[in-house]
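Remarks on the structure that follows.
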Amino acid sequence: MLNTEEFGRRLSHLRHKTGKKQRQVADDLGVTPQAVSKWERGLSCPDILMLDELASSLRVTIADLFEKNDAR
């Protein structure tokens, strides 16, 4: 089962590594910055159909979105 808080921390870490703002990621995916904020806070998760675009926006693989190491 997916731990949404852990996923959110990972997402935030990867976003910061790219130097992108939440708004930039949101624009890439066609969602609101508030949605990205909720993902990063572990309150919700992106739709599975968005994972490829999300990974592409952050210049990582889908697998990288779920790796537990290097997120701290």
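Going by this note's numbering, the first residue of the sequence shown is number 31, and it counts up by one from there. Yeah, the Cβ is synthetic: ideal placement off N, Cα and C, and Gly gets one too.
query                                                                     : result
Proximity of G76 and L88 at Cβ, strictly below 7 Å                        : Reading off the sequence shown, one finds Pro at residue 76, where the question assumed Gly. Taking 7 Å as the Cβ cut-off, P76 and L88 do not qualify as a contacting pair.
Whole-angstrom distance between K50 and M31, CA atom to CA atom           : 28 Å
Nearest-angstrom Cα separation, counted from N33 out to L44               : 17 Å
For K68, the first and last residue of its enclosing alpha helix (DSSP H) : P63 to E70
Endpoints, alpha helix (DSSP H) assigned at L84                           : L81 to S87
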